[in-house]
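Asker:
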Amino acid sequence: MLAMSSTYHRLHISIVALAAALAGALSFGAAAATAANLVIEGAGDGHGVGMSQEGAYGYALHGASYEQILAHYYTGTALGQAPAGTQVRVLIGKSVQAVPLETYVEGVVSAEVPASWPLAVLEAQAVASRTYALTAHAGGARFDVYSDTRSQVYRGVAAHTPQTDAAVAATAGQIVTYAGRPAITYFFASSGGYTEDVGNVWAGGEAQPWLQGVLDPYDQGPLHRWKLTLSFSSAGSRLRGLVRGSFQGIEVLRRGVSPRIVSAYVLGSGGRTLVSGAQLGAALGLYATWAYFSVQSGQSVRREPDLSGAPTPAPLAPAPAAAAPSAGPEGGLPAPPSAGPPTGGVVAQ
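The number in the working numbering is simply the position in the sequence shown, starting from 1, with 2 added.
So this is what it looks like as structure tokens:
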């Protein structure tokens with residue numbers, strides 16, 4: 003009895019000690035997960051479809067005209083004329099204001115790009131904004147465009163400057179056309195080096211031949227390359243509604259040509275949730291969906307799973323400084339410093 007009692011006592015202590023050790027290990031694991039960070043390395047600012055404003059700025063510095071800039075970003079397009087007497091119905095507050103097309107464009111250009119930028123950029127923006135106003139039907143029968151970033155920013159007379167008014171006048175009535183019809187002209191801030199096919203960006207978005215991803219070698223905006231670090235708890239909070247259980251990471255499934263994320267899984271302790279790149283970017287508050295994910299725990303950094311087949315991220319060469327124009331493709335555009343799709347790389351900061 004004493005021996006059995008003694009054996010039981012020793013066994014009981016061992017079990018208690020083991021349980022305590024396991025509990026400690028689990029607590030440490032939970033603490034480690036809580037302390038982990040989601041590191042996001044990305045490129046560009048905006049949806050990535052159509053004309054990159056920073057890229058257009060770079061092309062203008064290299065001597066490209068507005069016609070060449072538009073032809074580069076809107077593949078296979080030409081310039082046409084808007085119908086005479088066209089008006090744009092702008093939703094301002096809760097009412098719709100009908101504005102002559104040219105007056106509307108004068109109220110947009112400096113609200114979208116700095117008036118101090120080269121004339122070719124202002125002219126390209128004027129044509130793109132004019133075309134967008136004709137092709138956007140944000141409010142159906144009620145109105146054509148919002149006065150904010152849901153369409154394009156319209157500030158009325160407050161946006162008039164001598165430079166932008168001159169650009170509007172120089173391109174009066176000109177619109178972008180494809181196969182003889184007005185072609186919707188999406189634009190955004192910065193591409194990161196490559197734009198994206200429209201069908202890869204918005205769920206249910208129709209592929210359009212003039213909205214294809216193209217090399218953007220002179221894009222060098224402030225968000226050309228960026229890096230964000232979020233704690234796992236913060237990332238999980240931002241992804242609330244998309245996470246099953248506690249947040250455990252991101253698994254990318256498919257990327258576009260740029261290579262922005264097309265689809266991914268949000269991984270949770272209770273399972274995984276399929277999301278589009280646009281959903282993921284909006285939930286996490288990313289500048290763009292050209293993003294790669296890593297998990298940092300202490301000094302250890304582990305790349306998150308990526309099934310897209312995109313090359314392992316590597317630094318992209320920065321766009322070269324402005325130089326004298328040189329002959330090149332796209333109807334005389336300056337030759338880009340390199341050809342082919344990007345490697346999908348980002349520069350660690």
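Glycine residues also receive a C-beta, built at the ideal position from the N, C-alpha and C atoms.
Around the Cβ of P261, are there at least 16 other Cβ atoms within 10 angstroms (buried) or fewer (exposed)?
Answerer: Buried, since its Cβ has 16 or more Cβ neighbours within 10 Å.
Asker: Can G44 and A285 be called in contact, C-beta distance under 8 Å?
Answerer: No, the Cβ-Cβ distance between G44 and A285 is not below 8 Å.
Asker: So, with DSSP's three-state summary, where would you put D308?
Answerer: Three-state result, D308: strand.
Asker: Since T275 and V245 should fall inside the 8 Å C-beta cutoff, what is the C-beta to C-beta distance between them, to a whole number of angstroms?
Answerer: Indeed they touch by this definition, with Cβ atoms about 7 Å apart.
Asker: Would you mind reading off the limits of the beta strand (DSSP E) that contains Q70?
Answerer: Note, Q70: premise wrong, no beta strand (DSSP E); alpha helix (DSSP H) at Y68 to Y75.
Asker: Please say whether F190 and G65 have beta carbons closer to each other than 8 Å?
Answerer: No.
Asker: Does the Cβ-Cβ distance between A237 and L81 come in under 8 Å?
Answerer: No, these two residues do not count as a Cβ contact at 8 Å.
Asker: Is it the case that the stretch 148 to 159 contacts the stretch 99 to 111, given that we only count it when at least three CB pairs across the two stretches are under 8 Å?
Answerer: Contact between the stretch 99 to 111 and the stretch 148 to 159 is present, because at least three Cβ pairs lie under 8 Å.
Asker: Would you give the residue range spanned by the beta strand (DSSP E) that L136 belongs to?
Answerer: Where L136 is concerned, there is no enclosing beta strand (DSSP E), although the alpha helix (DSSP H) it sits in stretches over L121 to T137.
Asker: Closer than 7 Å by C-beta to V123: which residues in its own chain qualify, once you throw out the five before and the five after it? Chain order, please.
Answerer: Excluding positions up to five away in sequence, the list reads A58, Y59, A62 and V115.
Asker: What does a CB cutoff of less than 6 Å around Q176 pick up in its chain, not counting 5 residues either side in sequence?
Answerer: Contacts found: L81 and V129.
Asker: Cβ atoms of E56 and D221: under 8 Å apart, would you say?
Answerer: In this structure, E56 lies closer than 8 Å to D221 by Cβ.
Asker: Whole angstroms is fine: what's the gap from V170's alpha carbon to T105's?
Answerer: For V170 and T105, the distance between alpha carbons rounds to 9 Å.
Asker: What first and last residue would you give for the beta strand (DSSP E) that runs through Q176?
Answerer: Where Q176 is concerned, the enclosing beta strand (DSSP E) stretches over Q176 to Y180.
Asker: Going by DSSP, what residues sit across from V297 in a beta bridge?
Answerer: L40 and R304.
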